[in-house]
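Peer 1: Residue numbers (our numbering), protein chains in the order written: chain A, 1 to 96; chain B, 97 to 192; chain C, 193 to 288; chain D, 289 to 384; chain E, 385 to 480; chain F, 481 to 576; chain G, 577 to 672; chain H, 673 to 768; chain I, 769 to 864; chain J, 865 to 960.
Positions of the beta carbon are idealized from the N, C-alpha and C atoms, including for glycine.
Quick caveat: nothing in here was measured; it's all calculated off a predicted structure.
There are 10 protein chains.
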Amino acid sequence: MLFMVEMDVNIPLDFDAEEAAAIKAREKAYFQELQKAGTWRHIWRKVGLYSNVSIFDVESNTVLHDTLMGLPLYPFMTMTITPLCRHPSSLHDDDR
Amino acid sequence: MLFMVEMDVNIPLDFDAEEAAAIKAREKAYFQELQKAGTWRHIWRKVGLYSNVSIFDVESNTVLHDTLMGLPLYPFMTMTITPLCRHPSSLHDDDR
Amino acid sequence: MLFMVEMDVNIPLDFDAEEAAAIKAREKAYFQELQKAGTWRHIWRKVGLYSNVSIFDVESNTVLHDTLMGLPLYPFMTMTITPLCRHPSSLHDDDR
Amino acid sequence: MLFMVEMDVNIPLDFDAEEAAAIKAREKAYFQELQKAGTWRHIWRKVGLYSNVSIFDVESNTVLHDTLMGLPLYPFMTMTITPLCRHPSSLHDDDR
Amino acid sequence: MLFMVEMDVNIPLDFDAEEAAAIKAREKAYFQELQKAGTWRHIWRKVGLYSNVSIFDVESNTVLHDTLMGLPLYPFMTMTITPLCRHPSSLHDDDR
Amino acid sequence: MLFMVEMDVNIPLDFDAEEAAAIKAREKAYFQELQKAGTWRHIWRKVGLYSNVSIFDVESNTVLHDTLMGLPLYPFMTMTITPLCRHPSSLHDDDR
Amino acid sequence: MLFMVEMDVNIPLDFDAEEAAAIKAREKAYFQELQKAGTWRHIWRKVGLYSNVSIFDVESNTVLHDTLMGLPLYPFMTMTITPLCRHPSSLHDDDR
Amino acid sequence: MLFMVEMDVNIPLDFDAEEAAAIKAREKAYFQELQKAGTWRHIWRKVGLYSNVSIFDVESNTVLHDTLMGLPLYPFMTMTITPLCRHPSSLHDDDR
Amino acid sequence: MLFMVEMDVNIPLDFDAEEAAAIKAREKAYFQELQKAGTWRHIWRKVGLYSNVSIFDVESNTVLHDTLMGLPLYPFMTMTITPLCRHPSSLHDDDR
Amino acid sequence: MLFMVEMDVNIPLDFDAEEAAAIKAREKAYFQELQKAGTWRHIWRKVGLYSNVSIFDVESNTVLHDTLMGLPLYPFMTMTITPLCRHPSSLHDDDR
Chain A
1 MLFMVEMDVN IPLDFDAEEA AAIKAREKAY FQELQKAGTW RHIWRKVGLY SNVSIFDVES
61 NTVLHDTLMG LPLYPFMTMT ITPLCRHPSS LHDDDR
Chain B
97 MLFMVEMDVN IPLDFDAEEA AAIKAREKAY FQELQKAGTW RHIWRKVGLY SNVSIFDVES
157 NTVLHDTLMG LPLYPFMTMT ITPLCRHPSS LHDDDR
Chain C
193 MLFMVEMDVN IPLDFDAEEA AAIKAREKAY FQELQKAGTW RHIWRKVGLY SNVSIFDVES
253 NTVLHDTLMG LPLYPFMTMT ITPLCRHPSS LHDDDR
Chain D
289 MLFMVEMDVN IPLDFDAEEA AAIKAREKAY FQELQKAGTW RHIWRKVGLY SNVSIFDVES
349 NTVLHDTLMG LPLYPFMTMT ITPLCRHPSS LHDDDR
Chain E
385 MLFMVEMDVN IPLDFDAEEA AAIKAREKAY FQELQKAGTW RHIWRKVGLY SNVSIFDVES
445 NTVLHDTLMG LPLYPFMTMT ITPLCRHPSS LHDDDR
Chain F
481 MLFMVEMDVN IPLDFDAEEA AAIKAREKAY FQELQKAGTW RHIWRKVGLY SNVSIFDVES
541 NTVLHDTLMG LPLYPFMTMT ITPLCRHPSS LHDDDR
Chain G
577 MLFMVEMDVN IPLDFDAEEA AAIKAREKAY FQELQKAGTW RHIWRKVGLY SNVSIFDVES
637 NTVLHDTLMG LPLYPFMTMT ITPLCRHPSS LHDDDR
Chain H
673 MLFMVEMDVN IPLDFDAEEA AAIKAREKAY FQELQKAGTW RHIWRKVGLY SNVSIFDVES
733 NTVLHDTLMG LPLYPFMTMT ITPLCRHPSS LHDDDR
Chain I
769 MLFMVEMDVN IPLDFDAEEA AAIKAREKAY FQELQKAGTW RHIWRKVGLY SNVSIFDVES
829 NTVLHDTLMG LPLYPFMTMT ITPLCRHPSS LHDDDR
Chain J
865 MLFMVEMDVN IPLDFDAEEA AAIKAREKAY FQELQKAGTW RHIWRKVGLY SNVSIFDVES
925 NTVLHDTLMG LPLYPFMTMT ITPLCRHPSS LHDDDR
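#1: Check this for me: beta carbons of Thr80 (chain A) and Glu6 (chain A), under 9 Å apart or not?
#2: Report yes or no: do the segment 818 to 837 of chain I and the segment 618 to 629 of chain G share at least 3 C-beta pairs separated by less than 8 Å?
#3: How would you write the range of the beta strand (DSSP E) that Ile907 (chain J) sits in, first residue to last?
#4: Kindly list the residues whose CB is nearer than 7 Å to the CB of Thr135 (chain B), restricted to its own chain and excluding five residues on each side of it in sequence; keep chain order.
#5: With 7 Å as the C-beta to C-beta threshold (strictly closer), list the residues of the segment 157 to 169 of chain B near chain I in chain order.
#6: At what residues does the alpha helix (DSSP H) containing Asn733 (chain H) begin and finish?
#7: Using the rule of at least 16 other Cβ atoms within 10 Å of the residue's Cβ for burial, across every protein chain shown, is His92 (chain A) buried or exposed?
#8: Cα separation between Asn394 (chain E) and Asp592 (chain G)?
#9: Compile a chain-ordered list of the residues in the segment 125 to 158 of chain B whose CB is closer than 9 Å to at least one CB of chain C.
#10: Just checking: is the beta-carbon of Ile753 (chain H) within a distance shorter than 9 Å of some beta-carbon in chain I?
#11: Within the continuous beta strand (DSSP E) that includes Leu386 (chain E), where are the two ends?
#12: Would you please verify whether the beta carbon of Arg566 (chain F) is less than 9 Å from any beta carbon of chain E?
#13: Of the residues H:Glu691, H:Met676, H:Leu674 and H:Met673, which one's Cα is nearest the Cα of Phe748 (chain H)?
#14: Round the Cβ separation of Thr466 (chain E) and Met388 (chain E) to the nearest angstrom and send it over; I've been treating them as touching at under 8 Å.
#15: Name the one or two DSSP bridge partners that Val917 (chain J) has.
#16: From the DSSP output, in three-state form, read off Leu372 (chain D) for me.
#17: Of the residues H:Val725, H:Arg758 and H:Arg713, which one's Cα is nearest the Cα of Thr654 (chain H)?
#18: Please report the distance separating the alpha-carbon of Leu276 (chain C) from that of Ser339 (chain D).
#19: Determine, using beta carbons only, whether Ser377 (chain D) and Lys228 (chain C) come nearer to each other than 9 Å.
#20: When burial is assigned at 16 or more other CB atoms within 10 Å of the CB, is Leu685 (chain H) buried or exposed?
#21: Hey, how far is the Cα of Pro72 (chain A) from the Cα of Ile715 (chain H)?
#22: Distance check for Met645 (chain G) and Arg566 (chain F), CA to CA, integer angstroms please.
#23: Would you mind telling me which residues of chain D sit closer than 8 Å to Leu283 (chain C), beta carbon to beta carbon, in chain order?
#24: Please return the same chain residues whose Cβ sits closer than 7 Å to the Cβ of Ile119 (chain B), not counting the five positions on each side in sequence.
#25: Using a Cβ-Cβ cut-off of 6 Å (strictly less than) and excluding sequence neighbours within five positions of Arg521 (chain F), which residues of its own chain qualify?
#26: Are the C-beta of Met653 (chain G) and some C-beta of chain H separated by less than 9 Å?
#27: List, in order along the chain, the chain B residues whose C-beta lies closer than 7 Å to that of Val197 (chain C)?
#28: Pull up the distance between the alpha-carbon of Arg314 (chain D) and that of Ala501 (chain F), whole angstroms please.
#29: For Glu891 (chain J) and chain I, any beta-carbon pair shorter than 9 Å?
#30: Is there a Cβ from chain E that is less than 9 Å from the Cβ of Leu482 (chain F)?
See the structure below:
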């Protein structure tokens, strides 16, 4: 089941730089694990912004909620969630 | 080069049903041609809405503009365009 | 899987009254069938508005999309969809 | 008498973690007492957000106001209040 | 129980003038009946606009809904509903 | 001459509690003096919010400005001002 | 007593051109009468828009309401009303 | 050449009171110099707000920019700039 | 003196196609005359939209207003006007 | 390939003045290097604001992203990115 998740990251100007780097490293590891598992199907940077557009493939709303709440950068993010489904005109068998 | 395009379709209540069906058929053919060509990389329906989220892969801004202007449903659409780029954390070679 | 759906209905002033009544009757029958099936778990009127807040319980995003698209009043509605999940503090076994 | 209450929680990044945990524990106890009493009829998490949608059943506007003002997390919340009423098409005797 | 109701009236430019006058006359009669009954406690025009701010005193959300739906001008109105309660600093016994 | 004034109060989480209590006490005294004088004709709490809707009766715009600027809580408030006038359908002699 | 009134004019594309010209002529005459009387103290066009910013000097809210309602172009206008008062730093005796 | 400038002033609650008073004194002197020179043609307070509406008469966009940037309170202000021109219906020779 | 003008064009679906084509031809001629004269310094299409961003170089606000009002497509346009000036860091002598 | 980038700069009131001056100096040098290279084709100040409108000419979305992320003032900026293309009516060979 697919969802578009748009994430805007905002780290305060005076936040400790070392701690921020550590959180970003954990975020990257967490992301890559989910990417390999096929949960985090796509990610793109929005040009010029510290924001991304992502497509998640999950079994349920609850799994999506728990996955997003586990993001190390979650406390610094503003999230927009849009449930998606397959488009009837698509020639592909799955909705990738 | 990737762009997210969000399209909201709004056909007036009193628009001729047969003409609408013909336009939608042309739209579907136009879409599938671009999907096969790899230009229209992804398309998803937004749940509960007559709207889609699409990812386009084009050579330039101008190609994207001309492609969108050619959509048979274009006069009934509201468009939002967001330029994208590869995310540095991604494990994939391309930005699909 | 639960979703909040907010529906605002707007029938144009000059729309044929008899046709509107027929559509509303079909809408009511469609709603009651889904209510009996447990798909349309809750519905409330927003006070003073021709709008409702509803809770749907569906198997997937696609089922929700198809269900909403089948609403006889759909062409007159503006929809807002919010995916929900169980609250961890709740004492109840299901998320009703 | 039913009201939809949407609560967005925002605890500042630098707020003391222990104090936050204590407030959340008091919030949970306060919530469960109201849930048992039937005042706080429903609660759902909004997926991906630190927000909930709740349905309250109260005798009057004043009781709702006092109940919400008593929430331990109230100073960290943004509230939206929507008065509801039974939908005429519903097959159920009460508006649950 | 008190509610603030803000009503914006918008009659289309090409609406039949005689019919509009008849609806407004019915609206005035309906309003005055409710004013005498104490249900429609206050009404003020917003300066320069075809809008009013009103205070309703009703037994329940449902009574408010039915009262507003009965307004002859309802199909031409946009409504905003705000539940109110007595202010603790007030020196008056009722919330007038 | 009547004005609707909507006041939203926002005291920062870390503001000194004792000082806040002192300001609120001065606010209450200031309010009650104006209520007795008939300047602050009505006040209602918005349910669930730290906000009120008030009706002021003043001689001029300038008097209203000076009255509002004198509110002890003014630095913590966001204000919306709407000039009002008597509604032509009202059966009452004054616009109360 | 001074008010800023911002007026946006929107005449439908298919409105009868002759009737529009007649209404505009009446509007101009109405305006010039009020300008001579000192009620309509200032008027400026917003560059590139069919909109103006005006300053009215009236005895009361009610006079302003009746004056604006009398505008021949009123049914085509969207209005924003802002009550003003003299600025304490001004060197001038009146608030012109 | 005329411009409407709307200025909203927001001095943080914890800003040093003495420094604020000194900045306001410099602001007043700066304003009065420009008022005498005819550059700052009009200023009005917005009722109930720490905001003003002003009309500037300047030779060019650049002069307006430099004038506004020189305001001692500029770092505390949010600005909205609207270019104006003479209204064709006005009976006055200049656009005052 | 430079201004950014953003123009969104919206021709109704049922507008006569031949008349639209004639207006667009006049618009193009009008534009090219102003481009040659140096008044309409720049024009760019916004990708995917029937909108442009333009830079005008004019002597005064009034000249800009009259120029824009003369656009054959003006009745179909929504305009946003932003006054600009030279950036102090620019290495160029003029603000092109 | 052209993009409009609108940048709003907001340096906190209590940010160290010397550090701010150093960042602005680096920003100016970075800008001028890009201006000479033809990447940063145009820049204009928005009158009365600490904001600019810029036109970038880049090979790809990714180059634009990296260029903007390299701005010394980036952490203090809010960005809006609009992809542009040549206007078909333009008489010029390139889209400058």
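Peer 2: Per the coordinate set shown:
#1: yes
#2: yes
#3: Trp904 to Lys910
#4: Phe152, Asp153, Val154 and Thr163
#5: Asn157, Leu160, His161 and Leu164
#6: Asn733 to Met741
#7: exposed
#8: 21 Å
#9: Arg141, Lys142, Val143, Gly144, Leu145 and Tyr146
#10: yes
#11: Leu386 to Val393
#12: yes
#13: H:Glu691
#14: 4 Å
#15: J:Glu870 and J:Trp908
#16: strand
#17: Lying outside 673 to 768, the shown extent of chain H, residue 654 (chain H) is not represented and no answer is given.
#18: 10 Å
#19: no
#20: exposed
#21: 51 Å
#22: 14 Å
#23: Gln320, Gln323 and Lys324
#24: Pro168 and Leu169
#25: Ile535 and Asp537
#26: no
#27: Gly144
#28: 23 Å
#29: yes
#30: yes
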